[in-house]
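Worksheet for the structure shown next.
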Amino acid sequence: MRVFDRTLHAMTFNGTRLTYRLTGDSGAPPIVFVHGTLADLNSWSGQENLFAQRYRVLVYSRRYHRPNPQAEDNQTYSPKLHSEDLAAMLLTLELAPAQIIGSSYGAYTALQLARDHPQLVRGLVLAEPPISSLLTGSESGDSARRAFYRNSLDPARAAFVRGDSVAGVRLFFDATTRRGTFDRLPAAARASLLAHAFELRREMLAERGDYLPPVTCADLGRITTPVLLVRGERSPRMFQLIMDELARCLQNDTTVIISGAGHPPHTSNAAYFNLVVLRYLASH
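Here the sequence shown is numbered in our numbering, starting from 699 and rising by one per residue.
Structure below.
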């Protein structure tokens, strides 16, 4: 297997400086990996070099995420903001149309890009975007959505308001994995998560309607881009229900469950994630 240059680059896109890396042959079909919360471009270390054997791979750190500038501005943390950043990157780096692979909030961002700029997107791989609005209207969905807000977003927001970033990170991380997971992590892993406290604070303090904007089944029904849906076998119930609704609204029967994986599945079981996504891309 070839090993590619891992030099990082930084450039201003859509008014903000973003760090990125391009690997793979310049003439190969382009793929972009979009990370989620409490993460950065290194989230894709288990995918980057492998996918670059066949594709032109872009990994980047979204706005506010390390090692980008962690500076306050007047922007609201939202899928719209991050998708416009990504659109600018694709155009500037001449990578469009590309396959966009998104995890969690990165999948929310990828979906927003496909809605607003379908000409830039060749296909989507969506792993558990937190589109909680899809759960409205059913007893089980509403219950899961309220529990996520009650156990994660609301207490994490309160922790950041009072200046307790450790509690904010712990509460959010445990709600997207399993309760008590943060404190059981090795010290180095906890430190790595806490290094992302700035961006999580931006997320938690954003207006909820901007941070998690409503997406309806009708909105999803207008998407014509090919989509692969990926979910972890052990991911929290809210994500399982959201993935069910995504499949229904997209009228999509291409859903893969990553055995033994939690949220996010691309790190929980990278080998199987890579296998199924590469197999899907080869036919799309």
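Glycine included, every Cβ here is placed at the ideal spot set by N, Cα and C.
Between residue 874 and residue 961, the C-beta gap is smaller than 8 Å, which places the two residues in contact. Assigned with DSSP and collapsed to three states, residue 704 falls in coil, not helix or strand.
Counted as a single uninterrupted DSSP element, the alpha helix (DSSP H) harbouring residue 804 occupies residues 803–814. Of 821, 715, 877, 778, the smallest CA-CA separation from residue 727 is found for 821. Less than 8 Å separates the beta-carbon of residue 807 from that of residue 777. Proximity to residue 871 across 907, 934, 838, 928 peaks at 934, based on C-alpha coordinates. Below 8 Å, enough C-beta pairs join the region 847–866 and the region 894–901 to call them touching: three or more. By the neighbour-count definition (other C-beta atoms within 10 Å, threshold 16), residue 827 is a buried residue. The continuous stretches of beta strand (DSSP E) do not include residue 924, and DSSP gives it neither H nor E. Looking at the backbone, the Cα of residue 851 and that of residue 757 are separated by about 27 Å. Judged by DSSP secondary structure, residue 874 falls within the alpha helix (DSSP H) whose first and last residues are 863–874. For residue 858 and residue 905, the gap between their C-alpha atoms comes out near 14 Å. By a beta-carbon distance limit of 8 Å, residue 800 contacts residue 824. Their separation comes to about 6 Å. For the region 725–811, the continuous beta strand (DSSP E) assignments of 3+ residues that do not extend past its boundaries occur at 728–732, 754–758, 796–801, in sequence order. According to DSSP, residue 954 shares a beta bridge with 928.
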